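Trainee:
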Amino acid sequence: MSAEEAELGKTYGNLIGGEWRAARGGETFDSVNPARRSEVVGHFARSSRADVDDAVSAAVAAQPGWARTPMPGRAEVIDRAGRLLAERKEELARLMTREMGKVLTEAKGDVQEGIDMAKYMAGQGRNPIGEVVPSELRDKRCFTERVPIGVVGCISPWNFPMAIPCWKLMPALLAGNAVVFKPAEDTPLMAIRLAEILTEAGLPPGVLNLVTGFGEEAGAPLVEHPAIRAVSFTGSVDVGQQIAATCGRLGKRVSLELGGKNAIVVTADADIELAVDGALWGGFGTAGQRCTATSRLIVEGAVLESFTEQLVARVGKLRLGDGLDPATDVGPVINQSQLQRIHSYTEIGHQESARLLTGGSVASDGAFGDGNFYRPTVFGDVRPEMRIAQEEIFGPTVVVIPAKDLAESVRIANGTRYGLSLSIYTKDLAKAFHAVDLLESGIVYVNAPTIGAEIQLPFGGTKWTGNGHREAGPTAFDEFTEWKTIYIDYSGRLQRAQIDTGRE
Ligand code: UN1
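Going by my numbering, the first residue of the sequence shown is number 192, and it counts up by one from there.
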């Protein structure tokens with residue numbers, strides 16, 4: 192047994208007030224390797240309301256002291272965490288591939304995104320946190336300051352088990368909040384590793400608390416807890432709606448990063464080979480399990496045949512397998528219920544009379560049988576209103592939708608309830624800028640696929656994708672801070688704003 196294998200199958204607790212503890216109910220659940228379900232990655236605390244209550248109490252106790260730590264001091268902790276992530280990048284990435292399934296190069300990219308966020312946030316720790324603004328009165332100074340919200344809840348998805356927790360935790364902590372973190376039940380070990388690293392980096396006990404478990408049992412009590420002042424959630428539209436409703440009722444701030452039905456528009460003048468490269472990476476990278484995954488290809492008639500032919504030939508050559516095998520292009524999907532859901536969309540595509548061009552089945556022969564493998568799938572002859580062209584599949588399935596010109600392509604691209612990431616392939620500068628103007632999404636790419644966001648820019652989407660917030664980039668603090676406006680009058684007399692200003 193390798194040292195890496197010896198790490199598997201251990202039992203882990205929650206992090207509460209700086210201590211690792213089992214769930215109060217004593218129950219656990221397993222995280223298994225999606226490429227080999229017989230391999231148990233670990234046993235994790237199955238938390239319930241009582242554990243959430245403990246975690247929130249620890250956070251409430253720790254938050255004022257953390258908020259009083261100077262921001263550059265808080266930034267030092269994030270900086271050290273970034274260094275530890277970098278030192279352990281390979282080891283963490285390998286563990287991530289075992290727990291989540293993505294191929295090793297992508298798992299390294301996921302850890303790198305966390306490292307990038309740490310570096311960026313550490314730098315932000317010495318940036319201005321407000322502005323001095325002129326007053327209309329003499330001898331009066333006005334300024335603003337960003338202050339922490341208090342205790343915040345972060346609920347993260349399984350598809351980016353290191354990057355997305357870093358997007359949430361690092362700005363939340365740097366801003367001076369205490370956090371209760373509930374990671375997705377499919378990837379608890381990555382969350383535990385991140386919590387260990389932040390602890391080792393010097394985060395005081397109780398500033399970050401981690402509860403593992405399921406949405407209804409641990410996530411819902413976290414969202415409902417009266418001491419949680421803001422919730423940051425990335426996941427499905429259905430759960431996002433429930434969280435938003437609860438937060439609306441309880442008067443809490445909520446930021447949502449939900450689904451996508453992202454598209455690449457391929458114009459007649461595009462570099463077709465480049466567009467096929469983009470469609471392959473955007474559609475089948477991470478087995479299509481990114482919010483930003485390219486799931487629609489909107490192709491102008493003149494290049495439809497050549498584009499589709501090249502795409503299908505290349506998809507047919509993608510190698511499905513264990514993400515730890517360097518020969519693998521497409522890894523497994525996260526769990527069996529997702530596997531069934533992805534296949535149900537193939538059935539829907541058939542019912543809708545779309546044409547299956549390749550894939551369309553669960554791979555179950557030989558070693559595939561122990562994992563959750565779906566063959567990379569392409570549907571042609573797809574009309575924009577079909578369910579396979581409207582609903583998020585979150586798997587290795589793409590649809591090709593014919594369009595006659597740019598105006599129609601843009602209409603189709605904008606014609607879903609989502610607005611995360613849209614792209615255009617063209618050599619025509621004017622078309623590229625028209626697309627930038629007209630595409631209704633938080634992120635637009637030109638001559639690149641819909642995936643590949645960098646952490647120093649805002650990330651998020653319009654319409655059902657979100658509720659107006661953006662993660663990462665200079666906007667990262669908006670989610671996790673309140674603005675405080677301060678007026679200081681040193682005139683020594685009563686000065687009335689709007690009135691004592693010398694105006695009639
Ligand atoms: C997600 O799909 O949930 O832009 C996040 C990208 C990655 C992040 C994706 N940097 O594809």
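By construction, the Cβ of each residue, glycine as well, lies at the ideal position given by its N, Cα and C atoms. Predicted model, so just to flag it, every value in this text is computed and none were measured.
1) Taking C-alpha atoms, which residue in GLY305, ALA580 and GLY557 lies nearest to GLY512?
2) So, using beta-carbon positions, are VAL445 and CYS438 closer together than 8 Å?
3) When the Cα atoms are used, what is the spatial distance from PRO255 to ALA298?
4) Whole angstroms is fine: what's the gap from SER423's alpha carbon to GLU662's?
5) Candidates ARG337, ILE306, GLY606 and CYS333: which alpha carbon is nearest GLY321's?
6) Could you tell me whether any non-hydrogen atom of the ligand UN1 is closer than 7 Å to the CB of PHE372?
7) Can you check which of these residues, GLU491, VAL467 and GLN531, is closest to GLY507 by C-alpha distance?
8) CB-CB under 6 Å to ILE383, same chain, minus the five flanking residues each way: which ones, in chain order?
9) Based on DSSP bridge pairs, tell me the residues matched to ALA594.
10) Under the criterion of a Cβ to heavy atom distance below 7 Å, does ALA667 qualify as lining the ligand UN1?
11) How many angstroms separate the CA atom of GLY426 from the CA atom of GLU695?
12) Answer yes if the segment 449 to 460 comes into contact with the segment 598 to 613, meaning at least three C-beta pairs across the two stretches below 8 Å, and no otherwise.
13) Within 7 Å: the Cβ of ASN526 and any heavy atom of the ligand UN1?
14) As an exercise, report each continuous alpha helix (DSSP H) stretch of at least 4 residues that is fully enclosed by the segment 361 to 423, in chain order.
15) Is THR483 near the ligand UN1, in the sense that its beta carbon is under 7 Å from a heavy atom of that ligand?
16) Between THR485, GLN480 and TRP674, which lies nearest to GLY469 when the distance is taken from Cα to Cα?
17) Have a look at ALA386 and GLY273 and give me their C-alpha separation to the nearest angstrom.
18) Using beta-carbon positions only, say whether MET308 and MET361 come within less than 8 Å of one another.
19) Would you say ASN350 touches the ligand UN1, meaning its beta carbon is less than 7 Å from a heavy atom?
20) Does the Cβ of GLY651 lie closer than 7 Å to at least one heavy atom of the ligand UN1?
21) Can you list the beta strand (DSSP E) stretches of 3 or more residues lying completely in the segment 226 to 296, in chain order?
22) Write down the C-beta distance between GLU407 and LEU441 rounded to the nearest angstrom, noting that I regard them as a contact closer than 8 Å.
23) Taking the alpha helix (DSSP H) that LYS622 falls in, what are its first and last residues?
24) Would you list, in sequence order, the uninterrupted alpha helix (DSSP H) runs of no fewer than 4 residues that lie entirely inside the segment 503 to 585?
25) Would you be able to state if there are at least three C-beta pairs under 8 Å between the segment 325 to 340 and the segment 543 to 555?
26) With a CB to CB cut of under 6 Å and the five nearest residues on each side skipped, what residues in its chain are close to ALA246?
Mentor: According to the data block:
1) GLY557
2) yes
3) 36 Å
4) 10 Å
5) ARG337
6) no
7) VAL467
8) TYR203
9) GLU491
10) no
11) 55 Å
12) yes
13) no
14) 379 to 391 and 411 to 415
15) yes
16) THR485
17) 12 Å
18) yes
19) yes
20) no
21) 227 to 236
22) Going by Cβ atoms, the distance from GLU407 to LEU441 rounds to 17 Å, so no, they are not a contact pair.
23) 620 to 629
24) 527 to 542 and 578 to 581
25) no
26) ILE207, VAL371, ASN400 and VAL402
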